[in-house]
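Colleague:
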Amino acid sequence: MADFLVLFSDPVGAGYRKVQALTAQHAAEVMKLLNPEALVSVVPAEQLSVIDRHQLVADWIRLTQG
Numbered sequence: 876m877a878d879f880l881v882l883f884s885d886p887v888g889a890g891y892r893k894v895q896a897l898t899a900q901h902a903a904e905v906m907k908l909l910n911p912e913a914l915v916s917v918v919p920a921e922q923l924s925v926i927d928r929h930q931l932v933a934d935w936i937r938l939t940q941g
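In my numbering, the protein residues as written are 876 to 941.
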């Protein structure tokens with residue numbers, strides 16, 4: 876299994892959760908099981924070393940809550 880950062884947004888708010896899954900699609904499905912109303916986006920963990928995680932979450936919140 877691989878690590879993924881799953882960004883989510885629902886009527887209550889937005890955030891992220893680290894998920895272990897077989898694929899990015901599987902990681903999104905795991906989050907949808909936990910929160911069926913959420914919009915989700917998945918980032919592979921290996922990309923997190925080159926991405927500013929805080930900026931990524933801030934951009935996601937701005938786009939989904941806008």
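Even glycine gets a Cβ: it sits at the ideal position worked out from N, Cα and C.
#1: Please specify which runs of the beta strand (DSSP E), each continuous and at least 3 residues long, are wholly inside the stretch 876 to 934, giving them in chain order.
#2: Where Thr-898 and Thr-939 are concerned, what is the direct C-alpha to C-alpha distance, given to the nearest angstrom?
#3: Using beta carbons (cut-off 8 Å, strictly below), is Gln-930 in contact with chain D?
#4: Pro-886 to Gln-922, Cα distance in whole Å?
#5: Can you say whether Met-853 is buried or exposed, counting buried as having 16 or more other CB atoms within 10 angstroms of its CB?
Modeller: From the atom records:
#1: 877 to 885, 888 to 896, 914 to 919
#2: 23 Å
#3: In the displayed structure, chain D is absent; only one protein chain is listed.
#4: When the Cα atoms are used, Pro-886 and Gln-922 turn out to be separated by approximately 28 Å.
#5: What is shown of the chain runs 876 to 941, which leaves residue 853 out entirely.
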